[in-house]
Amino acid sequence: MATPTTTPILHYFDLGRLGRGEVVRLFLRDAGIKFENILYPYGNDWEVTTGALAKQGTTLTKKLPALEYGGRILTQHIPILRFLSRDLGRYDGETSDEKFVVDAVADIYIDWRYQWVLQLDKVTDEYKNKYVTKYYDVLDHYYSKTNGPFLLGDTISYADFAVYQSIDNDERIKTLPAKLPASLETFRKAFEARPNIAAYIRETAA
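FYI, the UniProt record's numbering numbers position 20 of the sequence shown as 20, with every residue one higher than the one before it.
Now the structure itself:
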């Protein structure tokens, strides 16, 4: 496992508990990695901010989050989680089958996120009444295959952080189904009970 020579720095917009940067923040907190959290205003000029960050080398993609870690600039939140998991030697599954499941669920989450972002201006009936139900039913297919509570059973993976964020963020824009599948209710409760996550939730409670 590589140890960063300096404190990692997470760059993201000041969006509270919403968005991609929050997934990385949850992961870092759970892993016990101390980091500096730099937040930028999010408004009509956000592209100016990211353009300036790109010029100074903080982000290669003109998008956030960006994580300065071990002398590297890491971008794209799911690849960041994959890199950290492999660097830490945990959160990634141990067998090829487990790694496949973790990657597959992470990709399902990416599809969800694209649709979720489109709802921020105005929630559509198609998303609220059809898409999210199908999404959580697909997740239930994976989560109900083990005795839980996590995707890989008793072992948490990086995909669990993304799935939790989707549940939390759908709830925040009032698009979460009235009743989640039992496997996901169990997962959510177990995730929020993890000591570092529970402490973070208390700190950020609105």
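Virtual Cβ for every residue (Gly too), placed ideally from N, Cα, C.
**Report entry** Residues near L39 by beta carbon distance below 6 angstroms, same chain, minus five either side
**Finding:** D14
Query raised in the report: What's the C-alpha gap between Y142 and Y158?
Result: 15 angstroms
Query raised in the report: In angstroms, rounded to a whole number, what distance separates the CA positions of K128 and Y136?
Result: 12 angstroms
Query raised in the report: Helix, strand or coil for A66 per DSSP?
Result: strand
**Report entry** Proximity below 8 angstroms, CB of H11 to CB of P65
**Finding:** Yes, the Cβ-Cβ distance between H11 and P65 is below 8 angstroms.
Query raised in the report: If F27 and T7 are in contact, beta carbons under 8 angstroms, what's the gap, nearest whole angstrom?
Result: Incorrect: roughly 16 angstroms between the Cβ atoms, too far for contact.
Query raised in the report: Helix, strand or coil: how does DSSP classify T50 here?
Result: helix
Query raised in the report: CB G43 to CB N196, shorter than 8 angstroms?
Result: no
**Report entry** Close beta carbons around M1, own chain, < 7 angstroms, minus the five adjacent residues each side
**Finding:** Unreliable positioning characterises M1 in this predicted model, as indicated by a pLDDT of 47, which lies under 50. The coordinate reading is nonetheless provided below. Same-chain partners within the cutoff: D87, L88 and G89.
Query - Rounded separation between L18 and D97 - CA only - result: 31 angstroms
Query raised in the report: Which residue's Cα is closest to the Cα of R82: D140, V23 and L53?
Result: V23
**Report entry** Neighbourhood of D140 by C-beta distance below 7 angstroms, restricted to the same chain and skipping five residues each side
**Finding:** P181, S183 and L184
Query raised in the report: What residue range is occupied by the uninterrupted alpha helix (DSSP H) comprising R188?
Result: A182 to A193
Query raised in the report: So is L60 buried or exposed if we call it buried at 16+ other beta carbons inside 10 Å?
Result: exposed
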